[in-house]
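Just so you know, we're using UniProt numbering here: the sequence shown kicks off at 1 and counts up by one. Glycine included, every Cβ here is placed at the ideal spot set by N, Cα and C.
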Amino acid sequence: MFMSLCTPQHSINFINPSILYRFECLFLLPPMRIPLFSRLLLIFLCSLTLIFAVSGQCLRDQQSYLLEFKNSLDFDSDSSTKLVRWNESVDCCSWEGVTCSEGRVVGLYLNSESISGILDSSSSLFHLHYLQDLSLADNNFLLSTIPPEFGNLINLSYLSLSHAGFSGQIPIEISHLTRLDTLDLSTTPEFLPVEFGLRVPQGKLGLWSPNFATLVQNLTRLKELYLDHVNISSQGNEWCQALSSSLPNLRVLSMSDCNLQGPLDSSLQKLQSLSIINLNANNFSAPVPEFFADFRNLTSLNLRSCGLKEQFPKKIFQVPTLQMVDLSDNELLQGSLPEFYPNGSLQSLLLSGTQFSGTLPDSIGNLKRLSRIDLSRCNFNGSIPSSMANLTELVYLAMSLNNFTGSIPSFSMAKNLTMIDLPYNHLTGQIPASLFSLPSLRTLLLGNNHFSGQLHEFSNVSSFLLEDLDLSSNYLEGPIPTSIFELQGLRDLKLSSNNFNGSLQLNAIQQLRNFTYLDLSNNNLLTEYNGTNSSLSSFPQIVRLNLASNKLKTFPEFLRHQASLELLDLSENQIHGEIPNWFWKIPIPFYLYLGGKQYRGIRAHGNAGRRH
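This is the structure:
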């Protein structure tokens, strides 16, 4: 048997700027009588004690700097999850948002701490010279400038001041942080109200003097650069060459809305590690170079609203690693879709508001990971490939305002599909009943097509999540299924300009607690309300109600308790008699239409149709 004790005595010394740790392992029995395994175990336990003592305990000066920094800040204690818990009775290396190495603070993560106020140049933050990671993102430093003292934190490898409310010139001292591999100075312009309801942007960060090239010239280790909404204002050959000559290891380039000009210079080809390119909302006024297809690690390409023009290179769509491409809102950009290889990586294909044209290839069904597709406001034609029904990961499908013809796939395999947006095409045939039973579908927009036939009653309606249903301006006929009004989440229902007939009891709407929009105009419906007075107050508050051009014979009683109407159209119906007195007591909608040739014998206060 033996005993051992590890105590802070005098045989192992660690010296640092503020404290001396001394440890000694005392073996109370002669070493020769202790088995080798036990001796090794004792050494291991003493080593653990030493490690925890050195790296787990915050050095006194580090804790002092942190507390001084905290006390200099204004923050909302109700929203804070980190600063509010800092106190001197607890070792600072155990504080939320703080990481240490050998008692020194190397990581400080104070993002989203509801900090407000100005960060002063004399802040004790700038005495934490061992910092490697620093995030003050998503706070509000009240449009103050970034202190140049950030340049003193020369050990930083990660710096994020994004969306923190800084403004003005980015200091040249940031370029002294030569160990940075991630720099995020992204900002969102603040808008302050002025006369006449206009808003002007305030508080934008910028690179004027020094310029962009000066900022990045020494940051050769940088792998991720985020400068979204920073005013750089640079010509294509300038900013492209600055990137390619200074940042050879760059993987993430995010500089949206930076007032960058084109063209996209060929020097960018040198950045072969690029994985994410986010340059949306600039003004390139140029084509996309074919060499973008040579970025073999490219996963995300965002060039939305950049003034792109001419033909987009098809080969870029075929980059094997590409997961997201967004070319939306480039009105002069032309192109067509290529054949897609099996097992492609593409997850988001966003081309809305471009001049892309042609047909959709059947091979689009090879994109098994595709979850978002937005081809709205393009010039595509032909049929929607049946292979798209096999896209099991599809969540969002938007292809409105094209020239698609034929029927639509059932999408019965798309269990996660939440939106189908196909209005303003030339689609024909019957609407597949399976669309209504998609388990995740919330929005189904099929208006302004050429669909025909009847809608059949739905089964298992209680499990449906549908909120917005638009089948207007088609050739649908027959009665409106009563099961539509069993869709408990339904908010908007637009069935106007079809050939629906039969009778419809408006009191069916009463059970739809979230219902706000009903348009049944221009059909051949006999619409009635047979609710009781006791049920009127529980009727949902409707914002827009259009029953024009039907066979409505009386003013619906449920209008008595409607207080949120913005539009009410009862024109071109068959209402007889006098407008009831209670009607004039309801809040008058912004748009009110009561006129029409089918109204007979109505005596109203002023015009039968009016706009307030």
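The three-state reading of DSSP puts H561 in helix, counting H, G and I together. Of all alpha-carbon atoms in D374, T405, S400 and G382, the one lying nearest the alpha-carbon of L394 is that of D374. Contact between the stretch 90-103 and the stretch 142-152 is absent, with fewer than three C-beta pairs closer than 8 Å. E528 is bridged by DSSP to Q505. In this structure, L268 lies away from S234, with their beta-carbon atoms at least 9 Å apart. Taking a contact as a CB-CB distance under 8 Å, the pair T443 and M413 does not count as one, their CB atoms being some 19 Å apart. Ranked by Cα distance from R60, the first of E113, R85, V105 and K82 is V105. In the same chain as W86, and ignoring 5 residues on each side of it, the C-beta atoms closer than 6 Å to its own belong to K70 and W95, in chain order. DSSP places G382 inside the beta strand (DSSP E), whose first and last residues are N379 to S383.
The secondary-structure analysis by DSSP pairs Y593 across a beta bridge with D569.
Contact annotation: D257 and G236 have beta-carbon atoms that are not nearer than 9 Å.
About 4 Å separates the beta carbon of S160 from that of D184, a gap short enough to meet the 8 Å contact definition.
In chain order, N403, F404, T405, N449 and H450 place their CB closer than 8 Å to the CB of H426, counting only its own chain and leaving out the 5 sequence neighbours on each side.
Collapsing the DSSP output to three states places Y341 in coil. One thing to note: L131 has its Cβ within 9 Å of the Cβ of L153.
Listed in chain order, the non-local C-beta contacts of D326 below 6 Å within the same chain comprise N302, R304 and L350, local neighbours out to five positions each way being set aside. Note: Y109 is bridge-paired with S135 in the DSSP secondary-structure output.
Under the DSSP assignment, Q241 falls outside any beta strand (DSSP E), being part of the alpha helix (DSSP H) whose first and last residues are G236 to S246.
By the neighbour-count criterion, in which a residue is buried when 16 or more other Cβ atoms sit within 10 angstroms of its Cβ, W208 is exposed.
Between L142 and G107, the C-beta spacing is not below 9 Å. Distance between S497 and R491, taken at the CA atoms: about 19 Å. Membership of R372 in the beta strand (DSSP E) is indicated by the continuous run R372 to D374. When secondary structure is reduced to three states using DSSP, L185 falls in the coil class, being assigned neither helix nor strand.
Comparing C-alpha distances from T418 to each of G577, S407, I384 and S437 shows the shortest one belongs to S437. For S300 against I316, the beta-carbon gap comes to about 12 Å, at or over 8 Å, which does not count as contact. In the displayed model, Q311 falls within a strand according to three-state DSSP. The beta carbons of Y226 and S254 sit closer together than 9 Å. The Cβ atoms of L271 and F295 lie closer than 9 Å to each other.
Q323 and F458 have their C-alpha atoms spaced approximately 37 Å apart.
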